[in-house]
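Chemist: Could you have a look at this structure, given as structure tokens, before my questions?
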Amino acid sequence: MNWLTNSVLPKIKALVQAREVPDNLWHKCVNCGQMIFHRELEDNLNVCPHCHHHGRISAERRLELLFDDGLYKTLELAKSVADPLKFRDRKRYSERLKEAQGKTKRSDAIIVAEGLIGDRKTIVAVFDFSFMGGSMGVAVGNALVLASEAAVAAGAPLIAFPASGGARMQEGILSLMQMPRTVLAVEAVKEARLPFIVVLTDPTTGGVTASFAMIGDLHLAEPGAIIGFAGQRVIKDIIREDLPEGFQRSEYLLEHGMIDMVVERADLRDTLIRVLGLLTDRHDPQAQTALPGPTEHGGTAANPG
Amino acid sequence: MRNFLEFEKPIADLEGKIEELKHLSTEGDINIAEEIGKLQTKVDRQLRAIYQKLTPWQTVQVARHPDRPHLSDILRALVTDFVPLAGDRNFAEDFAIIGGIGRFRGRSVVVIGTEKGRHTEDRLRHNFGMARPEGYRKAQRLMRLADQFGLPILTFVDTAGAYPGIGAEERGQAEAIARSIETCLQVKVPLIATIVGEGGSGGAVALASGNHVLMFENAIYSVISPEGCASILWRSAEHAKDAAEALRLTAADLLKLGVVDEIIAEPLGGAHRDPAAALKGLGEAIEAALQPYLQQTGDALKAGRRAKFIAIGDKRL
Ligand SMILES: [Zn+2]
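So the protein lines, in turn, are chains A and B. Heads up: the first sequence runs through residues 1 to 305, numbered per our numbering. Heads up: the second sequence runs through residues 1 to 317, numbered per our numbering.
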């Protein structure tokens with residue numbers, strides 16, 4: 001029977017499945033390999049029901065999940081200089097930009113939104129990784145400046161959800177300059193004593209981590225997200241050693257003291273409501289939000305410890 | 001013995017001839033002296049011709065030239081009473097970033113900069129100028145010290161970038177750089193930054209987010225090395241030359257973009273040919289840049305830095 005299970009059965013299964021179910025209805029978990037029906041995956045916020053692997057979700061979906069009743073308003077981003085260096089590699093940057101804009105129907109790799117979260121006016125900046133890897137150029141920097149100004153003007157907290165490969169190389173030095181610019185942006189929120197919370201999502205690396213994303217009042221991260229400064233390939237090339245298990249994952253950062261907690265996507269909204277309440281409603285006898293398990297000494301909100 | 005770059009080969013040949021003639025020359029040999037004079041004029045002419053139109057990729061080579069002035073040379077030439085200060089008070093001392101207190105033209109200042117090291121052993125000790133989180137945390141500590149005592153800060157950047165290693169990641173390289181940028185922007189004392197050689201990415205801007213950014217004529221300042229950029233966008237490091245052009249990393253381009261405030265001219269044939277002259281120019285440029293900021297209040301210095309960086313991105317090439 002062995003030869004059958006090992007070599008023939010999977011092939012038969014593959015044949016049968018290929019005929020019976022179109023690819024787009026079934027999703028194979030990249031982590032555990034289990035097949036998940038697309039509706040089930042969607043209902044589960046793109047988290048694998050078998051292994052809890054957190055797949056990426058769109059920026060819009062994230063905003064929907066976050067705001068009360070899924071309602072929010074996006075802030076219009078000012079037009080910034082497109083392709084300031086007239087950059088060209090194997091392809092023109094202006095073309096890459098147009099393609100990304102066509103694909104995502106937005107001007108750059110970020111959305112700034114405002115709305116109520118737990119009945120509290122909140123400004124949220126969400127990166128769109130599908131737009132040129134969520135890379136940060138002048139437009140993204142401008143959006144973070146805008147988001148910070150909106151937060152200060154409204155006396156509202158700012159929550160950022162980075163998902164980015166880092167600086168946008170095609171804008172050369174101007175992309176590097178977004179590091180001091182975004183640090184200055186969120187500095188204004190902090191000076192106004194408003195909470196600035198960063199929720200690190202997969203992946204957050206390079207110039208984005210090394211600027212506004214690592215100076216939040218609180219750092220939350222989704223499970224299993226890659227978070228780091230240098231790319232893993234670059235590190236491997238330099239040290240010529242294998243990288244440790246779980247290197248640059250959320251849980252690894254938690255262990256090394258770089259983030260406050262790892263929070264499952266399903267618990268993110270409630271956790272944010274609770275911490276924003278604690279930071280801003282300093283005394284409210286009515287307030288007591290019952291949430292899934294307290295995050296004693298880090299741990300995940302859903303599974304403490 | 002000089003280190004010649006590939007495109008300096010015609011110069012190397014001419015100077016080789018001059019050396020030979022000098023050996024042949026017996027006292028008072030007028031013909032040979034005349035020949036040497038002619039060759040010297042030719043050298044100068046060639047140098048001028050080459051250096052007037054360096055390509056971006058050639059500029060990268062010059063910026064990385066081993067004989068370019070390093071932080072240790074700057075300290076020797078421009079700072080008296082220098083007292084190096086060590087450690088981040090958390091984990092370690094990082095020799096990739098050297099800092100301390102000293103006097104610049106009689107005035108107490110805090111000096112912070114990357115040091116690549118000169119010879120093999122020295123380079124290893126300084127980790128080739130690539131700092132770990134401790135280096136950036138030491139820089140933050142020294143900037144706070146300057147703030148506490150009202151001392152201007154002079155920073156000097158010559159680094160390929162922050163060190164990419166396992167330990168560096170574990171100890172928060174990204175956070176250390178972010179906080180270093182934040183500290184540069186927060187202090188209420190003048191911060192004059194100079195890009196001396198290589199201004200490599202986050203590891204450079206961590207020290208260079210200042211009121212006034214000076215840059216040597218043949219230095220480079222970039223979000224990524226041309227080699228790194230080429231291997232990602234062209235999928236081959238062999239396109240480094242193309243990447244160097246596309247990235248617009250030269251002092252002239254960065255001045256146009258408003259990223260640097262001033263270019264410091266280098267002696268004929270680059271700072272590596274005459275480090276003493278280059279350092280003299282550096283001292284004068286810093287002195288001139290520092291003066292107006294000394295009159296400003298701490299709040300004005302901070303607000304000025306903010307306005308300057310927020311405005312970057314309005315200009316294009
Ligand atoms: Zn799974």
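All residues carry an ideal CB built from backbone N, CA and C; glycine is no exception. The structure presented is a predicted model; accordingly, all values stated were derived computationally and were not measured.
Let's see if you can read the secondary structure: which residues bound the alpha helix (DSSP H) around residue 221 of chain B?
Modeler: What you label residue 221 of chain B is simply residue 221 of the second sequence in a count that begins at 1. From DSSP, residue 221 of chain B is part of no alpha helix (DSSP H) but of the beta strand (DSSP E) over 220-222.
Chemist: Could you tell me whether the Cβ atoms of residue 157 of chain A and residue 110 of chain A are closer together than 8 Å?
Modeler: Locating residue 157 of chain A in the first sequence gives position 157, counting from the first residue. Locating residue 110 of chain A in the first sequence gives position 110, counting from the first residue. Taking 8 Å as the Cβ cut-off, residue 157 of chain A and residue 110 of chain A do not qualify as a contacting pair.
Chemist: For the segment 252-301 of chain B, list the beta strand (DSSP E) runs that are entirely contained and at least 3 residues long, ordered along the chain.
Modeler: List check, beta strand (DSSP E) in window: 262-264.
Chemist: Whole angstroms are fine: how far does the CA of residue 132 of chain B sit from the CA of residue 126 of chain B?
Modeler: Here residue 126 of chain B refers to the residue found at position 126 of the second sequence. Here residue 132 of chain B refers to the residue found at position 132 of the second sequence. Computed Cα separation, rounded: 11 Å.
Chemist: State buried or exposed for residue 300 of chain A, treating a residue as buried only when at least 16 other CB atoms are found within 10 Å of its CB.
Modeler: Counting from 1 along the first sequence, the entry for residue 300 of chain A is found at position 300. Confidence at residue 300 of chain A is low in this model, with a pLDDT of 49, below 50, so its placement is unreliable and no value can be given for it.
Chemist: For the beta strand (DSSP E) that residue 110 of chain B lies in, which residues bound it at each end?
Modeler: Here residue 110 of chain B is taken as the residue at index 110 of the second sequence, counted from 1. 107-114 is the span of the beta strand (DSSP E), which, as asked, contains residue 110 of chain B.
Chemist: Can you find the residues in the same chain that come closer than 7 Å, C-beta to C-beta, to residue 308 of chain B, ignoring five residues on each side of it along the sequence?
Modeler: Start at 1 with the first residue of the second sequence, and residue 308 of chain B comes out as number 308. There are no such residues.
Chemist: If you measure from each residue's Cβ to the nearest non-hydrogen atom of ligand 1, which ones come out under 6 Å, in chain order?
Modeler: For ligand 1, the selected residues are A:29, A:31, A:32, A:34, A:48, A:50, A:51, A:53.
Chemist: Checking 8 Å against the spacing of the C-beta atoms, do residue 250 of chain A and residue 285 of chain A come in under that value?
Modeler: Counting from one through the first sequence, the residue named residue 250 of chain A turns up at place 250. Counting from one through the first sequence, the residue named residue 285 of chain A turns up at place 285. Contact: no.
Chemist: Can you check which of these residues, A:150, A:201, A:189, A:91, is closest to residue 75 of chain A by C-alpha distance?
Modeler: The sequence position of residue 75 of chain A within the first sequence is 75, counting from 1. For the residues A:150, A:201, A:189, A:91, the minimum Cα distance to residue 75 of chain A belongs to A:150.
Chemist: Give the interface partners of residue 259 of chain B over in chain A, defined as CB-CB distance under 8 Å, in chain order.
Modeler: On the second sequence, position 259 is the one that residue 259 of chain B refers to. Near residue 259 of chain B (Cβ distances below 8 Å), the residues of chain A are 173, 174, 177.
Chemist: Between which two residues does the alpha helix (DSSP H) containing residue 149 of chain B stretch?
Modeler: By 1-based counting over the second sequence, the position of residue 149 of chain B is 149. From DSSP, the alpha helix (DSSP H) with residue 149 of chain B extends over 133-149.
Chemist: Tell me which residue opens and which closes the alpha helix (DSSP H) that residue 38 of chain B is part of.
Modeler: Residue numbering aside, residue 38 of chain B sits at position 38 when the second sequence is read from its first letter. That run of the alpha helix (DSSP H) goes 30-52.
Chemist: Less than 6 Å between C-beta atoms, sequence neighbours within five positions excluded: which residues of the same chain meet that for residue 154 of chain B?
Modeler: Mapped onto the second sequence, residue 154 of chain B falls at position 154. Excluding sequence neighbours, residue 154 of chain B sits near 109, 111, 192.
Chemist: I'd like to know whether the C-beta atoms of residue 279 of chain B and residue 47 of chain B end up nearer to each other than 8 Å.
Modeler: On the second sequence, position 279 is the one that residue 279 of chain B refers to. On the second sequence, position 47 is the one that residue 47 of chain B refers to. No.
Chemist: Nearest chain A C-beta to residue 19 of chain B closer than 8 Å, yes or no?
Modeler: The count along the second sequence starts at 1 and reaches residue 19 of chain B at position 19. Cβ-Cβ to chain A under 8 Å: no for residue 19 of chain B.
Chemist: In this structure, does DSSP put residue 35 of chain A in helix, strand or coil?
Modeler: Stepping through the first sequence from its first residue, residue 35 of chain A is reached at position 35. Strand.
Chemist: When the Cα atoms are used, what is the spatial distance from residue 295 of chain A to residue 51 of chain A?
Modeler: Sequence index remark: in the first sequence, residue 295 of chain A carries index 295 (1-based). Sequence index remark: in the first sequence, residue 51 of chain A carries index 51 (1-based). Since pLDDT at residue 295 of chain A reaches only 49, below the 50 mark, its modelled position is unreliable, and the value read off the structure follows with that caveat. So the alpha carbons of these two residues sit roughly 21 Å apart.
Chemist: Got a sec? Which residues, its chain only, sit under 7 Å from residue 70 of chain B by beta carbon, not counting five neighbours each side?
Modeler: Along the second sequence, one-based indexing puts residue 70 of chain B at 70. Result list for residue 70 of chain B: 115, 116, 118, 158, in chain order.
Chemist: Just by C-beta distance, which residues in the segment 58-79 of chain B are closer than 7 Å to chain A?
Modeler: Listed by position along the chain: nothing, the set is empty.
Chemist: Which residues in the same chain have their Cβ closer than 8 Å to the Cβ of residue 238 of chain B, if we skip the five residues on either side of it in sequence?
Modeler: Numbered from its first residue, the second sequence carries residue 238 of chain B at position 238. Result list for residue 238 of chain B: 230, in chain order.
Chemist: State the CB to CB distance for the pair residue 273 of chain A and residue 118 of chain A, rounded to an integer number of angstroms; the pair is presumed to be in contact (CB under 8 Å).
Modeler: Position 273 of the first sequence, counted from the first residue, corresponds to residue 273 of chain A. Position 118 of the first sequence, counted from the first residue, corresponds to residue 118 of chain A. Indeed, because the Cβ distance is near 3 Å, the residues count as touching under 8 Å.
Chemist: Pairs of beta-carbons, one from the segment 40-60 of chain B and one from the segment 203-214 of chain B, closer than 8 Å: are there three or more?
Modeler: Because the criterion of three Cβ pairs below 8 Å is not met, the segment 40-60 of chain B and the segment 203-214 of chain B do not touch.
Chemist: If we cut at 8 Å on Cβ distances, does residue 148 of chain A have a partner in chain B?
Modeler: For this step, residue 148 of chain A is matched to residue 148 along the first sequence. No, its Cβ sits nowhere closer than 8 Å to a Cβ of chain B.
Chemist: Taking the alpha-carbon positions, what's the residue 182 of chain B to residue 29 of chain A distance?
Modeler: What you label residue 182 of chain B is simply residue 182 of the second sequence in a count that begins at 1. What you label residue 29 of chain A is simply residue 29 of the first sequence in a count that begins at 1. Cα to Cα, the separation comes out at about 40 Å.
Chemist: Between A:143, A:124, A:47, A:33, which has its C-alpha nearest residue 68 of chain A's C-alpha?
Modeler: Within the first sequence, numbered from 1, the residue matching residue 68 of chain A stands at position 68. Residue 68 of chain A has its Cα closest to that of A:124, out of A:143, A:124, A:47, A:33.
Chemist: Give the straight-line distance between the Cα atoms of residue 143 of chain A and residue 185 of chain A, rounded to the nearest whole angstrom.
Modeler: On the first sequence, position 143 is the one that residue 143 of chain A refers to. On the first sequence, position 185 is the one that residue 185 of chain A refers to. Going by the C-alpha atoms only, they are around 10 Å apart.
Chemist: Need the endpoints of the beta strand (DSSP E) that residue 157 of chain B sits in, please.
Modeler: Counting from 1 along the second sequence, the entry for residue 157 of chain B is found at position 157. Start and end: 153-159.
Chemist: Please determine, among A:173, A:99, A:211, A:42, the residue with the shortest C-alpha to C-alpha distance to residue 266 of chain A.
Modeler: One-based indexing of the first sequence puts residue 266 of chain A at position 266. Of the listed residues, the one whose Cα sits closest to residue 266 of chain A is A:42.
Chemist: Taking Cβ positions, are residue 161 of chain A and residue 201 of chain A nearer each other than 8 Å?
Modeler: In the first sequence, counting from the first residue as 1, residue 161 of chain A sits at position 161. In the first sequence, counting from the first residue as 1, residue 201 of chain A sits at position 201. Yes, they are a contact pair.
Chemist: Within the segment 145-193 of chain A, note down every full beta strand (DSSP E) run reaching 3 residues or more, in order along the chain.
Modeler: 158-161, all fully within the segment 145-193 of chain A.
Chemist: If contacts are defined as beta-carbon pairs under 8 Å, then residue 256 of chain B and residue 188 of chain B qualify, I think. What distance do you get, rounded to the angstrom?
Modeler: In the second sequence, residue 256 of chain B corresponds to position 256, counting from 1. In the second sequence, residue 188 of chain B corresponds to position 188, counting from 1. Not confirmed; about 30 Å, so no contact.
Chemist: If you measure from the beta carbon of residue 170 of chain B to each beta carbon in chain A, is any gap under 8 Å?
Modeler: As a first step, residue 170 of chain B is located in the second sequence; it is residue number 170 there, counting from the start. By this cut-off, residue 170 of chain B is an interface position.
Chemist: For residue 66 of chain A, does the three-state DSSP call read helix, strand or coil?
Modeler: Start at 1 with the first residue of the first sequence, and residue 66 of chain A comes out as number 66. Three-state DSSP puts residue 66 of chain A in a helix.
Chemist: Could you tell me which residues DSSP pairs with residue 54 of chain A in its beta bridges?
Modeler: Numbered from 1 along the first sequence, position 54 holds the residue referred to as residue 54 of chain A. Beta-bridge pairing links residue 54 of chain A to A:47.
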